[in-house]
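A.B. asks:
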Amino acid sequence: MKRGLISWDRAELPAAAFEARLRAIEQLCVRFDVPALAAYSDVGRSNDVRYISNFMPYWNRALTVVPRGEKPILLCALSPRVYPWIKSVTIHETILPSPSLAGQLLKLCTDREWTRIGMVDHAGLPHDLYTELGGGKITVLDIPRDALRPSVTDAEVAMHRHATQLARDLLEAEVTETAIGLPDYQLVGRLERRFRRAGAEDLVVLISDGRTVPLPAAGNAVGPHSSVTVALEYNGHWAKVSRNLDNATVALPPPPDTGDPEAIHRESLSGRYPWEALPAQGDSPNGITAIQVMIRRGESRLYYGDTGVQGPGGWHRL
Amino acid sequence: MLSPQRRRQYLELMSERGWDLLLFYGDTWRKDHFRCLVNVSFSGPQALAVLFRTGELRAFVTDPWDLEAVGAVVNANVTLSPQLAAGLNALLSQERSAVVAINGMEQMEARYVRAVRDSANTEPVSATFEIEEIRRVKTAEEIAWVSKAAELADRGYEQFVRVCRPGMTEFELVAEVEAFVKAEGAEDNFMLVASGGTEVTGMKPPTARRFQTGDSVTTELTPQVNGYYAQICRTLVIGEPSEKQLEAYAIFSEAQQAAQDLLRPGVDIADVARVQNDVFRKHGFGEYTGPQYTRVRGHNLGLYPDELPHVLENVHYTVKPGMVVIAHPNTYLPLSGYMVFGDTLLVTQTGCVSLSKTAKKLFQS
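From first to last, the protein sequence lines are chains A and B.
In this text, residue positions in the first sequence follow the numbering used here: the first is 181, and each later residue adds one.
In this text, residue positions in the second sequence follow the numbering used here: the first is 7, and each later residue adds one.
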């Protein structure tokens with residue numbers, strides 16, 4: 181759950197980055213001939229709206245609507261009591277209380293005399309919202325995600341790089357011999373303290389004892405063949421890194437002729453969800469991509485991995 | 007883990023409703039719709055369990071690292087399907103014209119509902135309401151897990167009091183509490199905080215604000231153990247509490263106790279809200295019981311930290327034994343700013359017992 185520091189450091193992610201994105205959205209509205217574009221987000225799916233306005237629904241669902249040539253409007257069910265905080269960490273200036281997201285969006289369309297609207301990844305909407313918007317009052321046009329985010333921007337790469345560096349540094353500081361013998365819960369606690377104090381917004385820790393894939397802690401002792409994977413969200417940007425107590429490493433990305441494709445776990449970190457599995461080999465879409473590799477050492481499985489950017493020139497570690 | 011009791015209840019429901027297949031769809035946010043049958047904290051974006059009327063159980067996962075853990079529960083009858091629609095097509099094309107119900111259908115991506123419809127050639131129906139009704143009454147095993155979570159919430163709050171001090175930021179405090187409950191075995195923890203005085207109108211994720219003497223520091227602390235959440239709400243004052251903070255606390259304490267005294271089988275949950283609000287009205291603060299200042303006067307707990315029914319005067323639901331409810335009259339008052347106070351309550355055959363053992367008082371740091 182999101183419960184760490186949710187903030188917006190203008191020096192780190194300048195307002196100009198959002199202004200550029202809004203200009204691109206305006207062009208998208210022209211291209212698709214819609215007066216506005218909307219995007220859905222919830223606690224588990226916040227990447228796209230974070231990209232547009234830096235909004236993260238720490239609870240519940242929301243829609244961000246960008247009228248052509250205007251700043252985005254936030255429709256959310258969160259209490260107006262938290263609007264000042266929302267405004268302090270996003271570019272939103274207008275927030276509409278929306279116990280019913282569909283109802284409020286339809287009202288907005290009526291008020292603005294819009295008969296059609298673009299929706300990012302329309303078929304990805306939750307079924308109830310999709311159905312409520314499909315009543316025929318407006319036409320909802322699908323805007324593919326790759327039209328909204330055709331490539332990873334420099335600003336995004338910089339944020340993911342920071343997240344990745346943080347993940348590497350803090351993980352390597354804890355995954356040392358001193359961890360051997362600890363209950364895995366305690367190692368998770370140590371990581372939580374380090375990462376949250378460093379400003380982590382969300383953190384997921386998975387641990388392998390050498391016999392399984394990385395899994396949530398279960399009360400097992402950390403051993404010499406244990407591996408730890410952390411997925412870190414830092415101000416809306418994810419990184420995923422694995423290290424092991426055997427200090428085993430591999431070249432990243434693994435060469436194409438690597439024997440066991442099941443040993444390679446590739447994920448997109450710039451998709452709709454925090455991470456989404458990609459085929460182990462073959463072409464990957466451009467974007468932020470994590471690669472975790474299982475290394476066999478005797479009977480043990482060790483994990484090593486990192487986050488990089490996949491572009492036309494291949495994958496490069498961040 | 008798989009609960010034989012839940013599986014039996016779901017199969018009975020399928021038989022009653024004439025459903026051939028019951029799908030349990032969980033995503034990153036609402037894992038509970040999946041975990042109420044296959045209690046595994048999956049890592050990928052989605053997971054789907056399929057219960058056949060015959061009792062057969064299958065699962066689909068979207069992340070390869072979920073195969074082992076989910077497979078261990080469903081006797082290896084699990085398929086990796088990063089594109090869930092493809093998995094649904096493969097499954098349901100063998101079940102043409104089957105009556106398909108979906109738990110969590112409202113949250114399911116529309117493309118997946120369409121895949122079910124197109125593959126099975128029938129319109130799926132939502133099972134969410136009926137499954138939630140079953141889940142609302144906890145099994146003995148589930149009560150044991152909620153009790154462990156409540157015990158951890160108590161210890162987590164002890165840590166909260168121990169480390170909270172002037173000059174510390176909200177997010178540093180959350181880091182310390184989060185680290186503690188995770189080190190003690192919490193799988194997750196839902197936590198909101200706030201700090202300050204009468205300018206504070208609600209809780210939110212932690213900020214970089216530093217605590218000052220005189221602040222009220224509020225938290226809703228909700229550790230999760232084996233999937234099940236328990237919650238505690240308490241307020242702490244940095245330094246000596248003011249007369250107004252003490253006056254406010256007395257009202258919150260009286261309101262929460264009124265709810266705890268009333269909560270028993272057969273009671274309308276609306277009345278559990280009403281008795282709390284009546285305390286505020288009696289003290290002249292009735293206007294602070296509405297949506298402008300507060301959200302709910304409590305809610306059910308379980309595999310999701312905000313289960314229905316919500317405790318509100320306009321929500322009618324007859325309380326049953328085995329429900330786990332937090333009663334929390336959390337709201338803004340001009341005396342103190344936003345204040346919180348609440349315990350996790352287990353409904354028994356004759357009343358309720360608090361699973362929270364933390365002292366009922368206004369804490370000080």
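Beta carbons: idealized from backbone N, C-alpha and C, even for Gly.
Counting only beta-carbon atoms, is Q100 (chain B) nearer than 8 angstroms to chain A?
C.D. replies: No, because no Cβ of chain A sits closer than 8 angstroms to the Cβ of Q100 (chain B).
A.B. asks: Check each residue of the segment 321-333 of chain B: if its Cβ is closer than 8 angstroms to any Cβ of chain A, include it; give the result in chain order.
C.D. replies: The residues in question: there are none.
A.B. asks: With a Cβ-Cβ cutoff of 8 angstroms, do Q165 (chain B) and V180 (chain B) count as a contact?
C.D. replies: No, they are not a contact pair.
A.B. asks: Counting contacts by CB-CB distance shorter than 8 angstroms, is F40 (chain B) in contact with chain A?
C.D. replies: F40 (chain B) does not count as touching chain A.
A.B. asks: Helix, strand or coil, according to DSSP, for V108 (chain B) in the structure here?
C.D. replies: Checking the displayed sequence, the identity of residue 108 (chain B) turns out to be Ile instead of Val. Strand at I108 (chain B).
A.B. asks: Please state if the CB of I244 (chain B) and the CB of D221 (chain B) are separated by a distance shorter than 8 angstroms.
C.D. replies: Yes, they are a contact pair.
A.B. asks: Mind pulling the beta strand (DSSP E) runs of 3 or more residues that sit fully within the segment 250-309 of chain B?
C.D. replies: DSSP runs (the beta strand (DSSP E)) wholly in the segment 250-309 of chain B: 304-306.
A.B. asks: Against chain A, with Cβ distances strictly below 8 angstroms, would S47 (chain B) count as a contact?
C.D. replies: Interface residue, yes.
A.B. asks: With the cut-off set at 8 angstroms, would you say M345 (chain B) and A279 (chain B) are in Cβ contact?
C.D. replies: Going by C-beta atoms, M345 (chain B) is not nearer than 8 angstroms to A279 (chain B).
A.B. asks: With a threshold of 7 angstroms, establish whether the CB of G272 (chain B) neighbours any heavy atom of the ligand ZN.
C.D. replies: Inclusion of the ligand ZN in the displayed structure is not the case, the ligand content being empty and no account of it being possible.
A.B. asks: Listing by chain order, which chain B residues have their CB less than 9 angstroms from the CB of L386 (chain A)?
C.D. replies: Simply S49, W71.
A.B. asks: Comparing the C-beta of A82 (chain B) with each C-beta of chain A, is any distance below 8 angstroms?
C.D. replies: False, the Cβ-Cβ gap to chain A never drops below 8 angstroms.
A.B. asks: Taking a contact to mean a Cβ-Cβ separation below 8 angstroms, would you say L368 (chain B) touches Q266 (chain B) in this structure?
C.D. replies: No, Cβ-Cβ distance for L368 (chain B) and Q266 (chain B) is not below 8 angstroms.
A.B. asks: Would you mind sorting F286 (chain B) into buried or exposed? The rule is 16 or more other CB atoms within 10 Å of its CB.
C.D. replies: It is buried - the Cβ of F286 (chain B) has at least 16 other Cβ atoms within 10 Å.
A.B. asks: Taking C-alpha atoms, which residue in B:R141, B:R301, B:G304 lies nearest to P327 (chain B)?
C.D. replies: Of B:R141, B:R301, B:G304, the residue nearest in Cα terms is B:R141.
A.B. asks: Are there 16 or more other CB atoms within 10 angstroms of the CB of P247 (chain B), so buried, or fewer, so exposed?
C.D. replies: The residue is buried, with at least 16 neighbouring Cβ atoms inside 10 Å.
A.B. asks: Starting from the C-beta of H302 (chain A), find all residues in its chain whose C-beta is less than 7 angstroms away, skip the five residues before and the five after it, and write them out in chain order.
C.D. replies: The residues are V320, D322.
A.B. asks: Helix, strand or coil, according to DSSP, for K363 (chain B) in the structure here?
C.D. replies: Three-state result, K363 (chain B): coil.
A.B. asks: Assuming A65 (chain B) contacts N45 (chain B) under a Cβ cut-off of 8 angstroms, what Cβ separation, rounded to an integer in Å, is found between them?
C.D. replies: Not really, about 12 angstroms apart at Cβ, beyond 8 angstroms.
A.B. asks: Comparing C-alpha positions only, which one of B:Y16, B:T295, B:A155 sits nearest to K363 (chain B)?
C.D. replies: For K363 (chain B), the nearest C-alpha among the options comes from B:A155.
A.B. asks: Are the beta-carbon atoms of A353 (chain A) and Y414 (chain A) separated by less than 8 angstroms?
C.D. replies: Not in contact: A353 (chain A) and Y414 (chain A) (Cβ atoms no closer than 8 angstroms).
A.B. asks: Any idea what DSSP makes of I266 (chain A), helix, strand or coil?
C.D. replies: I266 (chain A) falls in the helix class under three-state DSSP.
A.B. asks: Using 8 angstroms as the limit for Cβ to Cβ distance, is L185 (chain A) near chain B?
C.D. replies: Answer yes: the Cβ-Cβ gap between L185 (chain A) and chain B drops below 8 angstroms somewhere.
A.B. asks: With a CB to CB cut of under 7 angstroms and the five nearest residues on each side skipped, what residues in its chain are close to P271 (chain B)?
C.D. replies: Closer than 7 angstroms at Cβ, skipping near neighbours: V325, K326, P327, V353, Q355.
A.B. asks: Do the segment 284-298 of chain B and the segment 97-117 of chain B touch if we need at least three Cβ pairs shorter than 8 angstroms?
C.D. replies: They do not touch, by the three-pair rule.
A.B. asks: Give a yes or no on whether 8 angstroms exceeds the smallest Cβ distance from Q366 (chain A) to chain B.
C.D. replies: Yes, because at least one Cβ of chain B sits closer than 8 angstroms to the Cβ of Q366 (chain A).
A.B. asks: Ignoring anything shorter than 3 residues, give me the beta strand (DSSP E) runs that lie fully in the segment 193-217 of chain B, in order along the chain.
C.D. replies: Fully enclosed beta strand (DSSP E) runs of 3 or longer: 194-202.
A.B. asks: Say whether chain A places a C-beta atom closer than 8 angstroms to the C-beta of P335 (chain B).
C.D. replies: No, no contact with chain A.
A.B. asks: Where do the N-terminal and C-terminal ends of the alpha helix (DSSP H) with T295 (chain A) fall, by residue?
C.D. replies: Careful: T295 (chain A) lies outside any alpha helix (DSSP H) and carries neither H nor E.
A.B. asks: Determine, using beta carbons only, whether G304 (chain B) and V317 (chain B) come nearer to each other than 8 angstroms.
C.D. replies: Yes, the pair counts as a contact, with Cβ atoms nearer than the cut-off.
A.B. asks: Which runs of the alpha helix (DSSP H) spanning at least 4 residues fall entirely within the segment 358-444 of chain A, listed in chain order?
C.D. replies: Listed in chain order, they are 364-377.
A.B. asks: List, in order along the chain, the chain B residues whose C-beta lies closer than 7 angstroms to that of R423 (chain A)?
C.D. replies: Within 7 angstroms Cβ-Cβ: nothing; R423 (chain A) doesn't reach chain B, min ~16 angstroms.
A.B. asks: Which residues bound the beta strand (DSSP E) around C209 (chain A)?
C.D. replies: Note, C209 (chain A): premise wrong, no beta strand (DSSP E); alpha helix (DSSP H) at 195-212.
A.B. asks: According to the neighbour-count rule (16 or more other Cβ atoms, all chains shown, within 10 Å of its Cβ), is E178 (chain B) buried or exposed?
C.D. replies: E178 (chain B) is buried by the Cβ-count criterion.
A.B. asks: Quick test of the definition: if touching needs 3 or more C-beta pairs under 8 angstroms, does the segment 244-251 of chain A touch the segment 210-219 of chain A?
C.D. replies: With the cut-off at 8 angstroms, the segment 244-251 of chain A and the segment 210-219 of chain A touch.
A.B. asks: Counting pairs of Cβ atoms below 8 angstroms between the segment 59-73 of chain B and the segment 442-460 of chain A, do you hit three or more?
C.D. replies: At 8 angstroms Cβ cutoff, the stretches touch.
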